[in-house]
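J.: Numbering of the sequence shown is given in full-length UniProt numbering, commencing with residue 1 and proceeding in unit increments.
Ideal Cβ placement from N, Cα and C applies to all residues, glycine included.
All of these numbers come straight from a predicted model, not from anything done at the bench.
First the structure, then my questions, so here it is.
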Amino acid sequence: MVFYFKARPEAGDYTIFMGLDKYENEDLIKYGFPEDIWFHVDKMSSAHVYVRLNKGQTMDDMSEGLLEDCAQLVKANSIQGWTDYIMNQYYISQITFACKGAGYCSCSLNMLLFLLFGAGNKINNIDVVYTPWYNLKKTPSMDVGQVGFHNSKLVRSIKVEKRINEIVNRLNKTKVERKPDLKAEREAVSAAEKAERKAQLRDKKRKEEMERLEKEKQAEIRSYKGLMVQEKMTSNKQIASGSKTLQELEEDFM
1 MVFYFKARPE
11 AGDYTIFMGL
21 DKYENEDLIK
31 YGFPEDIWFH
41 VDKMSSAHVY
51 VRLNKGQTMD
61 DMSEGLLEDC
71 AQLVKANSIQ
81 GWTDYIMNQY
91 YISQITFACK
101 GAGYCSCSLN
111 MLLFLLFGAG
121 NKINNIDVVY
131 TPWYNLKKTP
141 SMDVGQVGFH
151 NSKLVRSIKV
161 EKRINEIVNR
171 LNKTKVERKP
181 DLKAEREAVS
191 AAEKAERKAQ
201 LRDKKRKEEM
211 ERLEKEKQAE
221 IRSYKGLMVQ
231 EKMTSNKQIA
241 SGSKTLQELE
251 EDFM
């Protein structure tokens, strides 16, 4: 399950999204787009929130309003700091086992765990880090949903003083739940991009061939003009050498 939200209208037509749990996060990491920007609460357990920019845009093109929407959404879906998180793992595992035995669905279970341990959204003055999707680093030794970074210089940070309910509520009103085939979506876009690159390459080669033919044509024209000038000069010389002098013409007349 992936949740989709619409950013504030004045920021532009942008979609913000996040996975239901760490397994959806894993797929979002694997099948992301170059235009995706990833958000996470620093040193806390939180949702992996993404915003998909337009092609050609970078995170430097994001407006303050769009950044604030993403930061508020990831803060609202954060748990407590890592230390408390580790301490509560035993209790979480016990609750999970009991709920599954009682027949709770995964959605109800996640909601219960969030209500019990989701204190992170109440903590003030947190740091939210964000970076392009392609900078996320995944190694075989990492847990499900865990990521690192290829280049720390591409990681930015924004300070969130407190939760702003007006923003969170506005975003939640636009929330849509879907079960997308992330792999199929990524493959479809990759295929379209590949076809576009091939078309661009064909156009480039066609243009280069036309330019080459035009250069050859112009060179041929210049060569022909040069030949005509040379022939004309030769003809004039022949006429000049074959012409009679004025005295000879007068003698012929007499």
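#1: So within the region 14-71, which uninterrupted alpha helix (DSSP H) runs reach at least 4 residues, ignoring any that extend past its ends?
#2: Report the three-state DSSP secondary structure of Val160 (helix, strand or coil).
#3: Helix, strand or coil, according to DSSP, for Pro180 in the structure here?
#4: What is the residue span of the beta strand (DSSP E) that Lys138 lies within?
#5: If you compare alpha carbons, which of His150, Met142, Arg52 and Gly148 is closest to Phe5?
#6: In chain order, what residues of the same chain have a beta carbon less than 7 Å from the beta carbon of Val147, not counting five sequence neighbours either side?
#7: Can you tell me which of the three DSSP states Lys175 falls into?
#8: Any idea what DSSP makes of residue 255, helix, strand or coil?
#9: Flag this pair as yes or no: are the beta carbons of Pro132 and Val2 separated by less than 8 Å?
#10: Do residue 257 and Leu66 have their CB atoms nearer than 8 Å?
#11: For the beta strand (DSSP E) that contains Tyr4, what are its first and last residues?
#12: DSSP on Asp143, reduced to helix/strand/coil?
#13: Just grab the DSSP bridge partners of Ile126 for me.
#14: Is there contact here, the region 8-19 with the region 183-198, by at least three beta-carbon pairs under 8 Å?
#15: Can the beta-carbon of Phe39 be found less than 8 Å from the beta-carbon of Val128?
#16: Can you give me the C-alpha to C-alpha distance between Lys175 and Lys204, rounded to a whole angstrom?
#17: If we ignore side chains and look at the alpha-carbon of each, how far apart do Thr58 and Lys194 end up?
T.: The relevant details are as follows:
#1: 22-30
#2: Locating residue 160 in the sequence shown gives position 160, where the first residue counts as 1. Strand, per DSSP.
#3: As a position in the sequence shown, residue 180 is number 180, starting the count at 1. If DSSP states are grouped into helix, strand and coil, Pro180 belongs with coil.
#4: Your numbering for residue 138 matches position 138 in the sequence shown. Segment: none, Lys138 is in no beta strand (DSSP E) and carries neither H nor E.
#5: As a first step, residue 5 is located in the sequence shown; it is residue number 5 there, counting from the start. Of the candidates His150, Met142, Arg52 and Gly148, the one whose C-alpha sits nearest the C-alpha of Phe5 is Arg52.
#6: For the purposes of this step, residue 147 is taken as the residue at position 147 of the sequence shown. Counting only Cβ-Cβ distances below 7 Å, and skipping sequence neighbours, we find Ile29, Leu136, Lys137 and Lys138.
#7: Reading the sequence shown from its first residue, position 175 is the one you call residue 175. In this structure, Lys175 counts as coil in the three-state DSSP scheme.
#8: Because the chain spans 1 through 254 in this model, residue 255 falls outside it and cannot be assessed.
#9: Along the sequence shown, read from residue 1 onward, the residue named residue 132 stands at position 132. Along the sequence shown, read from residue 1 onward, the residue named residue 2 stands at position 2. Not closer than 8 Å, so no.
#10: Given a span of 1 to 254 for the chain in the structure shown, any question on residue 257 remains unanswerable.
#11: To locate residue 4, count along the sequence shown from 1; it is residue 4. Val2 to Lys6 is the span of the beta strand (DSSP E), which, as asked, contains Tyr4.
#12: Translated into positions along the sequence shown, residue 143 becomes position 143. Correct three-state label for Asp143: coil.
#13: Translated into the one-based positions of the sequence shown, residue 126 becomes position 126. For Ile126, which the question treats as bridged, DSSP gives the partners Val160.
#14: no
#15: On the sequence shown, position 39 is the one that residue 39 refers to. On the sequence shown, position 128 is the one that residue 128 refers to. Yes.
#16: Reading the sequence shown from its first residue, position 175 is the one you call residue 175. Reading the sequence shown from its first residue, position 204 is the one you call residue 204. Those two C-alpha atoms are separated by around 43 Å.
#17: For the purposes of this step, residue 58 is identified with residue 58 of the sequence shown, where counting begins at 1. For the purposes of this step, residue 194 is identified with residue 194 of the sequence shown, where counting begins at 1. Cα to Cα, Thr58 sits roughly 21 Å from Lys194.
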